[in-house]
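K.L.:
Residues 5 to 436 in our numbering are what the sequence shown lists, from first letter to last.
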Amino acid sequence: MSSKGEHQTVPLSVLLKREVAQEKIERPEISHGQAAQSKKGEDLTLVKTECQRVAGDGVSTYSVFALFDGHNGSAAAIYTKENLLSNVLAAIPSDLNRDEWVAALPRALVAGFVKTDKDFQEKAQTSGTTVTFMIIEGWVITVASVGDSRCVLESAEGGIYYMSADHRLECDVEERERITASGGEVGRLNTGGGTEIGPLRCWPGGLCLSRSIGDMDVGEFIVPVPYVKQVKLSTAGGRIIVSSDGVWDALSAEIAFDCCRGMPPDSAASQIVKEAVQVKGLRDDTTCIVIDVHPPEKPNPPLPPPKKQGKGVFTSMFRKKSTESSNDPQQPEKEFCEPDVVEELFEEGSAMLSQRLDTKYPLCNMFKLFICAVCQVEIKPGEGISIHAGVSTSAKLRPWDGPFLCLGCQEKKEAMEGKRPSGDGRYSSGSD
Ligand SMILES: [Zn+2]
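(1) With DSSP as the reference, label residue 424 as helix, strand or coil.
(2) Can you grab the Cα-Cα spacing for the pair residue 339 / residue 265, in whole Å?
(3) Please determine whether the Cβ atom of residue 116 lies at a distance below 7 Å from any heavy atom of ligand 1.
(4) Within the same chain, show all residues whose beta-carbon is closer than 6 Å to that of residue 257, passing over the 5 residues directly before and after it, in chain order.
(5) In terms of residue numbering, what span does the alpha helix (DSSP H) encompassing residue 203 cover?
(6) How big is the Cα-Cα spacing for residue 129 and residue 299?
(7) Does the Cβ of residue 381 lie closer than 7 Å to at least one heavy atom of ligand 1?
(8) At a threshold of 7 Å, does residue 92 count as lining ligand 1 (C-beta to nearest heavy atom)?
(9) In the DSSP assignment, find the unbroken beta strand (DSSP E) run with residue 154 in it and report its ends.
(10) Taking its Cβ as the centre, do 16 or more other Cβ atoms sit within 10 Å of residue 203, making it buried, or is it exposed?
(11) Under the three-state reduction of DSSP, which class applies to residue 27: helix, strand or coil?
(12) Could you check if residue 74 belongs to the surroundings of ligand 1, using beta carbon to heavy atom distance under 7 Å?
(13) Rounded to whole angstroms, what is the Cα-Cα separation between residue 294 and residue 273?
(14) Beta-carbon within less than 7 Å of residue 378's beta-carbon, same chain only, minus the 5 sequence neighbours each way: which residues are those?
(15) Identify, in the order they occur along the chain, each residue of the same chain with its Cβ nearer than 6 Å to the Cβ of residue 64, setting aside the five sequence neighbours on each side.
(16) Put residue 187 into one of helix, strand or coil per three-state DSSP.
(17) If you reduce the DSSP assignment to three classes, tell me which class residue 195 lands in.
(18) So if DSSP puts residue 456 in a beta bridge, which residue, or which two residues, is it bridged to?
(19) Between the Cα of residue 109 and those of 286, 122, 121, 93, spot the shortest distance and give me the residue it belongs to.
(20) Considering only the alpha carbon of each residue, which of 218, 246, 224 lies closest to residue 3?
(21) Between which two residues does the alpha helix (DSSP H) containing residue 213 stretch?
(22) Considering only the alpha carbon of each residue, which of 104, 197, 45, 134 lies closest to residue 144?
(23) For residue 64, name the three-state secondary structure that DSSP assigns.
(24) Quick check on the burial criterion: 16 or more other C-beta atoms within 10 angstroms. Buried or exposed for residue 242?
(25) Below 7 Å, is the gap between the Cβ of residue 410 and the nearest heavy atom of ligand 1?
(26) Answer with buried or exposed for residue 341, where buried requires no fewer than 16 other C-beta atoms within 10 angstroms of its C-beta.
(27) Kindly list the residues whose CB is nearer than 6 Å to the CB of residue 417, restricted to its own chain and excluding five residues on each side of it in sequence; keep chain order.
(28) Ordered along the chain, which non-local residues of its own chain (more than five positions away) have a Cβ less than 8 Å from that of residue 184?
(29) Is residue 389 buried or exposed, if buried means 16 or more other CB atoms sit within 10 Å of its CB?
(30) Measure the alpha-carbon distance for residue 362 versus residue 406 and round it to whole angstroms.
(31) Quick one: is residue 282 buried, meaning 16 or more other Cβ sit within 10 Å of its Cβ, or exposed?
(32) Taking residue 180 as the reference, which of 236, 226, 239 has the closest Cα?
(33) My output table needs one value for residue 282: the three-state DSSP class, helix, strand or coil.
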């Protein structure tokens, strides 16, 4: 972890302790439980533990936990549950070692979400779904999300971290601006005579969300590009709650963690659902997954110390990426004297594919340059369209620079950015 240049500021005893601790507690144990009260039957979950991956550096395992809160029917939620994971995995090059695989996840999640949305739309079914999709690899938690289901993490040290975005039009002015710039209209329901009620919605369609998978009847500016956050827990672990809006409309993250403290994950999930329904009644599908990530041989994460701080300081408890902080001569000593806390590895929420797929990325095979960055189909030389085509913001980028998209994915990208009328050419690929 620590580079050689830092040894002067880190006491040897601290380094040795870390080495020993890392060897002993290399991989956490993961336990989980879930509970739900259904009203419409449009909440689905996906739990896959102990997924095996044969890597360049041996076999390793990871776990997947996901929640899909469907609307306007459950077709999009079902389709996404069945296809998203394989679309994400297909976007990760083979032959990566463990660190490279984890680093490739944020980009692969973007590609997988967009491909799943594009494929589902070709089935010409209306309905849409929120997606909160989590991959746990060792102590690294990666969450990709669209919509308003939420994932929150409480570290064993007692900090609460929001791992997902809230893509409600009501609470995101940037997303409202993106949608109106792409040709959508945002406003409240007009009951006649100028009386406007309810939350902000996108028209046509009346969806309250700015991002989802599906929703082809609303407009392609309702994009599937996920907010992605990746953190590394300390070896003390933590507890994660993933819930649909039925829970979060009734409970704050703090109350959700507090109401089930000390309970194993399955009772904790039931307790959270029970509390939420008690507060607001069963007005919506109310689903909860609780995941405990803890050092081996401890059934539950240690109880966090009593809270001293308010909500506002939570994000400041993140330890910066070492590449950023190691250049600062003021910081290293402080960083290493602090108890282990949650380390933020990646966070990005932009809706622009050119930003999301252009991250530095290990290319193990030059021929893979000619594979579509979204759907992974092979592109014949000369037929790939640079993801930067038409972008004039940076002189450094040239239209023949990769990554490349196939024609279909380029059309999808332009539709999401409002550069072609919504729905135009959507059925042209002639699926079915
Ligand atoms: Zn493609």
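For glycine and all other residues, C-beta sits at the position ideal for the given N, C-alpha and C. The model shown is predicted, which means the values in this text are computed figures rather than measured ones.
P.N.:
In short:
(1) coil
(2) Any reading at residue 339 must be qualified, since the residue scores a pLDDT of 44, below 50, and its modelled position is unreliable; no value is offered.
(3) no
(4) 156, 164
(5) Counting along the chain, residue 203 falls outside any alpha helix (DSSP H), though it belongs to the beta strand (DSSP E) covering 200 to 207.
(6) 44 Å
(7) yes
(8) no
(9) 154 to 159
(10) exposed
(11) Residue placement at residue 27 cannot be trusted, given a pLDDT of 48 that sits under 50; what the coordinates show is reported in the next sentence. Of the three classes helix, strand and coil, the one that applies to residue 27 here is helix, per DSSP.
(12) no
(13) 6 Å
(14) 115, 118, 119, 409, 413
(15) 57, 102
(16) coil
(17) coil
(18) In the structure as shown, the chain begins at 5 and stops at 436. Residue 456 is therefore absent and cannot be evaluated.
(19) 93
(20) Residue numbering for the chain in the displayed model covers 5 to 436; residue 3 lies beyond these limits and cannot be assessed.
(21) Here residue 213 belongs to no alpha helix (DSSP H), and DSSP marks it neither H nor E.
(22) 104
(23) strand
(24) buried
(25) yes
(26) For residue 341, the predicted structure reports a pLDDT of 43, less than 50, and the residue's modelled location is therefore unreliable. A value from the coordinates is still provided. Exposed: under 16 other Cβ atoms inside 10 Å.
(27) 357
(28) 190
(29) buried
(30) 8 Å
(31) exposed
(32) 226
(33) helix
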